[in-house]
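Working notes, structure below.
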Amino acid sequence: MGSSFSFLVTSGGAVAAPSPGPGLGDLPESCVAAVMVYLDPPQICRMAMLNRAFRGASSADFVWESKLPLNYGDVIERVFEGDAVFCKDLCKRDIYSTLCRPNSFDGGTKKVWLDKSTGKTCMLVASNGLGITGIDDRRYWSRIPTEESRFYSVAYLQQIWWFEVDGEIEFPFPPGSYSLFFRLQLGRAHKRFGRRVCNSEHIHGWDRKPVRFQLSTSDGQQATKQCYLKEPGKWIHYHAGDFVVASSCKSMRVKFSMTQIDCTHT
Numbered sequence: 174m175g176s177s178f179s180f181l182v183t184s185g186g187a188v189a190a191p192s193p194g195p196g197l198g199d200l201p202e203s204c205v206a207a208v209m210v211y212l213d214p215p216q217i218c219r220m221a222m223l224n225r226a227f228r229g230a231s232s233a234d235f236v237w238e239s240k241l242p243l244n245y246g247d248v249i250e251r252v253f254e255g256d257a258v259f260c261k262d263l264c265k266r267d268i269y270s271t272l273c274r275p276n277s278f279d280g281g282t283k284k285v286w287l288d289k290s291t292g293k294t295c296m297l298v299a300s301n302g303l304g305i306t307g308i309d310d311r312r313y314w315s316r317i318p319t320e321e322s323r324f325y326s327v328a329y330l331q332q333i334w335w336f337e338v339d340g341e342i343e344f345p346f347p348p349g350s351y352s353l354f355f356r357l358q359l360g361r362a363h364k365r366f367g368r369r370v371c372n373s374e375h376i377h378g379w380d381r382k383p384v385r386f387q388l389s390t391s392d393g394q395q396a397t398k399q400c401y402l403k404e405p406g407k408w409i410h411y412h413a414g415d416f417v418v419a420s421s422c423k424s425m426r427v428k429f430s431m432t433q434i435d436c437t438h439t
């Protein structure tokens with residue numbers, strides 16, 4: 174069996190360990206921070222755990238400003254309104270962390286956040302933030318509590334022959350491409366003996382005609398799609414369309430709808 178080793182002998186004959194060379198901890202924080210600008214937020218957080226120099230570099234404002242939307246100030250104003258001042262006084266890392274949490278606005282009917290990994294903008298609209306034909310008539314609709322929604326409530330259709338849902342968002346979207354989805358489930362889910370079950374017995378009418386989805390923006394973009402609703406008992410994201418935000422100079426208004434008429438639905 175072979176082995177290798179090395180040692181140093183001082184003039185007095187004593188054995189001394191070799192002096193360690195430069196390590197990661199000896200890198201200037203400014204150099205480390207300059208590299209972190211090119212990393213994703215999760216990578217920055219992992220590197221911050223390596224040593225003190227990396228931890229200090231990970232707090233640099235210019236590192237996190239590169240991860241924030243170009244118009245993050247407008248986003249803060251829109252979401253926090255009167256409380257926007259407190260957010261602007263935070264360091265850039267804390268601003269990013271705050272915007273990565275689901276923040277409610279417009280009376281709690283909408284939530285917006287940044288994806289922690291990509292920094293992309295995500296948004297949810299509650300059912301009570303939509304215009305739903307017949308929603309106030311208990312013969313047709315009811316609102317039921319559920320833990321399967323981030324708003325802890327969903328609109329449940331009892332029966333109707335004219336199904337129409339409209340929504341509108343006006344928001345300073347950061348530049349980029351966006352996709353809009355309707356999150357729908359056929360049937361009503363509940364717990365039985367601790368297990369999730371869904372009653373699909375009374376589902377009717379959705380297989381007769383496709384649902385029509387429409388989307389339009391204030392700068393003239395439009396999209397139309399049709400599809401049948403399917404898979405009772407599962408929450409499905411139905412793609413309504415895409416739109417592109419080229420500039421963050423002003424807010425964009427997005428209108429969207431879902432309709433199916435001339436059928437009786439339950």
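Just so you know, the numbering used here puts 342 at position 169 of the sequence shown, and the rest follows in order with no gaps. Just so you know, even glycine gets a beta-carbon here, dropped at the ideal spot from N, CA and C.
8 Å Cβ cutoff met for residue i and residue j
i, j, result
"Val-236", "Ile-249", "no"
"Ala-413", "Phe-344", "no"
"Thr-306", "Pro-242", "no"
"Val-418", "Gly-340", "no"
"Leu-330", "Tyr-411", "no"
"Met-220", "Ser-231", "yes"
"Gln-387", "Ser-352", "no"
"Arg-323", "Leu-297", "yes"
"Pro-201", "Ser-290", "no"
Selection from the options that minimises the alpha carbon distance to residue i
i, options, result
"Glu-404", "Cys-422, Val-417, Gly-360, Trp-286", "Gly-360"
"Ile-342", "Cys-371, Arg-312, Leu-303", "Leu-303"
"Trp-334", "Cys-204, Ser-420, Lys-382", "Lys-382"
"Asn-244", "Phe-429, Met-425, Gln-433", "Met-425"
"Phe-253", "Ala-206, Asn-276, Ile-376", "Asn-276"
"Pro-421", "Gly-292, Thr-397, Pro-347", "According to the sequence provided, residue 421 is Ser. The question's Pro does not apply to it. Nearest of Gly-292, Thr-397, Pro-347 to Ser-421, Cα basis: Pro-347."
"Arg-225", "Pro-215, Tyr-211, Ser-203, Gly-246", "Ser-203"
"Gly-246", "Gly-367, Ser-231, Ala-233, Asp-262", "Asp-262"
"Cys-400", "Leu-212, Asn-372, Ile-409", "Ile-409"
"Gly-255", "Asp-279, Ser-239, Asp-267", "Asp-279"
"Lys-407", "Asn-372, Asn-301, Glu-337, Asp-392", "Asn-372"
"Ser-240", "Lys-398, Asp-267, His-363", "It is worth fixing the name first, because residue 240 is Lys in this sequence and not Ser. Of the candidates Lys-398, Asp-267, His-363, the one whose C-alpha sits nearest the C-alpha of Lys-240 is Asp-267."
Helix, strand or coil at residue i according to DSSP, with G and I counted as helix
i, result
"Asn-276", "strand"
"Gly-186", "Confidence at Gly-186 is low in this model, with a pLDDT of 49, below 50, so its placement is unreliable and the value that follows should be read with caution. Coil at Gly-186, not helix or strand."
"Ser-300", "helix"
"Lys-398", "strand"
"Cys-264", "coil"
"Cys-150", "The shown model of the chain, from 174 to 439, leaves out residue 150, and the question about it has no answer."
"Phe-355", "strand"
"Val-427", "strand"
"Tyr-411", "strand"
"Ala-362", "strand"
"Gly-175", "The predicted position of Gly-175 is uncertain, since its pLDDT is 44 and thus under 50; no value can be drawn from it."
"Thr-432", "strand"
"Thr-294", "strand"
"Ile-305", "strand"
"Ser-322", "coil"
Span of the beta strand (DSSP E) around residue i
i, result
"Ser-326", "326–330"
"Ala-233", "Unbroken run through Ala-233: none, as it is neither H nor E."
"Gly-246", "Where Gly-246 is concerned, there is no enclosing beta strand (DSSP E), although the alpha helix (DSSP H) it sits in stretches over 245–253."
"Asn-372", "368–372"
"Trp-314", "314–318"
"Phe-336", "333–344"
"Arg-385", "384–390"
"Leu-287", "283–287"
Alpha helix (DSSP H) segment containing residue i, residue limits
i, result
"Tyr-211", "First-last for Tyr-211: undefined, no H or E at that position."
Checklist entry - How do the region 304–319 and the region 278–285 stand: do at least 3 beta-carbon pairs fall below 8 Å, yes or no? => result Touching, no, given that fewer than three Cβ pairs across the two stretches are closer than 8 Å.
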